[in-house]
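According to full-length UniProt numbering, numbering within the sequence shown proceeds without interruption in unit steps and concludes at 259. The block underneath contains the structure these notes are about, expressed in structure tokens.
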Amino acid sequence: MSSFRKASKINQKTHRERHQPEKRTHLGILEKKKDYKFRANDYHNKQKVLKKLKILAQNRNPDEFYFHMINSKVVDGKHKEKIKPIDEDTLEQKKLMENRNLTYVAMKRTIEHKKVNKLQSSLHLTDFTESVQSTHLIFDDEGNPIEATTSKDNKLLENIGDMNIPDIDDRTLRKINKMKLNNYKTLAQRIERAKQLGIIQRKMEMQNHLRNKSVTRPKLVQNGSKSQAPVYVWKYERKHEERLKIKPGKVFDKVGKIL
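Right under this line is the structure:
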């Protein structure tokens, strides 16, 4: 039945609301019911919000405190948030500093340095170094240069044409170049990781020094950043030498030995 009732309303006439009479055109467009409902609902919602705020103001605790009270202020009738200092630590640095101690970071940094040295010794970075013509000079006893004899490396270069070098197809050559490129990428990643671990280690060491309450608070010289630890200067404190307790009957010289 509901579907039949809906189908019967297809040809139903739509009743339009009348427009503003000519005598009242100076008052503007005539407000329709949907406009009134929208305005009335907005008014009632605002009244509810004001009522809640009045209740909160009546029940306010005069001793309550929020950090937002000191982190913001009103300037020319507008709320302004205080500018927070730029975070000097990345997200990864924060996680590692919270979950691991200084010994772990130092150990990981040592491991990364060993892996970097091992990769560098195997790759030699021959593709990224500029070729420099080496010179070999030999001087006699009087300091005059004489003709250099052919070294072992030069002999090998001269005889390289007589060696039997196996032919390498293009596919194998491309595979070798791809493996070499991957090794260089791995080397660059490990160097960057070792650098980040060094930054974290220096920051953690600085935090340990700042926790020492027995010395005067140091002065901040340079703020830390994502690439370096903060720089502090400690006030020089003279360390008083312990006084020697000389027993009667014994005489000491300037060095401190018994005469």
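The beta carbon of each residue, even a glycine, is placed where N, CA and C say it ideally should be. Keep in mind it's a predicted model, so treat the numbers as computed, not measured.
Counted within 10 angstroms of its Cβ, other Cβ atoms place residue i as buried (16 or more) or exposed
| i | result |
| --- | --- |
| Leu197 | buried |
| Val231 | exposed |
| Glu22 | exposed |
| Met204 | buried |
| Arg238 | exposed |
| Glu109 | According to the sequence shown, residue 109 is Arg rather than Glu. Arg109 is buried by the Cβ-count criterion. |
| Val105 | buried |
| Ile199 | buried |
Boundaries of the alpha helix (DSSP H) in which residue i is found, first to last residue
| i | result |
| --- | --- |
| Leu173 | Asp170 to Leu210 |
| Gln58 | Lys33 to Gln58 |
| Ser8 | Ser2 to Ser8 |
| Thr110 | Leu102 to Leu123 |
Residue i - containing beta strand (DSSP E), residue span
| i | result |
| --- | --- |
| Val231 | Val231 to Val233 |
| Leu72 | One detail in the question is off: residue 72 reads as Ser in this sequence, not Leu. Here the beta strand (DSSP E) through Ser72 covers Ser72 to Val75. |
Beta bridge counterpart(s) of residue i as assigned by DSSP
| i | result |
| --- | --- |
| His79 | Val74 |
| Leu220 | Tyr232 |
| Phe139 | Pro145 |
Distance CB(residue i)-CB(residue j) smaller than 8 angstroms
| i | j | result |
| --- | --- | --- |
| Lys82 | Asn71 | yes |
| Asn201 | Leu102 | Going by the sequence as given, residue 201 is Gln instead of Asn. The answer is yes: Cβ separation under 8 angstroms. |
| Val116 | Ala194 | yes |
| Glu112 | Arg190 | yes |
| Val221 | Val233 | yes |
| His15 | Leu30 | no |
| Gln93 | Leu187 | no |
| Lys80 | Lys73 | yes |
| Asn183 | Leu123 | yes |
| Lys32 | Glu17 | yes |
Neighbourhood of residue i by C-beta, 6 angstroms cutoff - its chain only, sequence neighbours within 5 removed
| i | result |
| --- | --- |
| Ser225 | Glu88 |
| Ile86 | none |
8 angstroms Cβ shell around residue i - same chain, five flanking residues per side excluded
| i | result |
| --- | --- |
| Leu27 | Gln20 |
| Asn177 | none |
Sequence-distant residues of the same chain with beta carbon closer than 7 angstroms to residue i, five excluded per side
| i | result |
| --- | --- |
| Lys219 | Tyr232 and Val233 |
| Arg211 | none |
| Phe4 | none |
Heavy atom of the ligand FMN within 7 angstroms of residue i beta-carbon
| i | result |
| --- | --- |
| Gly143 | The model on display carries no ligand, and the ligand FMN is accordingly not part of it. |
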